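A.B. asks:
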Amino acid sequence: MSDVLQELASVLEARKSADADSSYVAGLYAKGLDAILKKIGEEATETVMAAKDGDAGKIVYEVADLWFHSLVLLAHQGLGPQAVLDELDRRFGLSGLQEKANRGKS
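Last residue of the sequence shown: number 99 in my numbering, and the count goes up by one each step with no gaps.
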């Protein structure tokens, strides 16, 4: 896992027990799952809009926000980025059609 992801995951985990007024993330955790999900929805929409504009800088900026808030969700649910990386690794080498067909068998 990249050093950035690992460091960010550690910070997000630490913020779970921090006072809600001490940081943006601690405040988001205090508001609960619905607030986190709302932020992910907002960031996903902003990512789509940036892509439609075709501005590479905006796209990267918005995807970073989307990934960040997705990492907040993972930490909130007791998961980390390694779980997602492991899932991507599991899928690597499978065609998208094959991976989709395998979902129905689980």
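Here a beta-carbon is modelled for each residue, glycine too, at the ideal position from N, C-alpha and C.
No experiment lies behind these values; they were computed from the predicted model shown.
Tell me which residue opens and which closes the alpha helix (DSSP H) that residue 70 is part of.
C.D. replies: Stepping through the sequence shown from its first residue, residue 70 is reached at position 77. Unbroken run through residue 70: none, as it is neither H nor E.
A.B. asks: Could you tell me the boundaries of the alpha helix (DSSP H) in which residue 5 lies?
C.D. replies: As a first step, residue 5 must be located in the sequence shown, where it is residue number 12. Run containing residue 5: -4 to 8, per the alpha helix (DSSP H) assignment.
A.B. asks: Which two residues bound the contiguous alpha helix (DSSP H) that contains residue 46?
C.D. replies: Here residue 46 is taken as the residue at index 53 of the sequence shown, counted from 1. Taken as a continuous stretch (DSSP letters only), the alpha helix (DSSP H) holding residue 46 covers 26 to 46.
A.B. asks: Do residue 5 and residue -3 have their C-beta atoms closer together than 8 Å?
C.D. replies: Along the sequence shown, one-based indexing puts residue 5 at 12. Along the sequence shown, one-based indexing puts residue -3 at 4. No.
A.B. asks: Is residue 90 near the ligand ATP, judged by its Cβ being under 7 Å from some heavy atom?
C.D. replies: Of the ligands one can find in the structure shown there are none, so the ligand ATP has no counterpart to examine.
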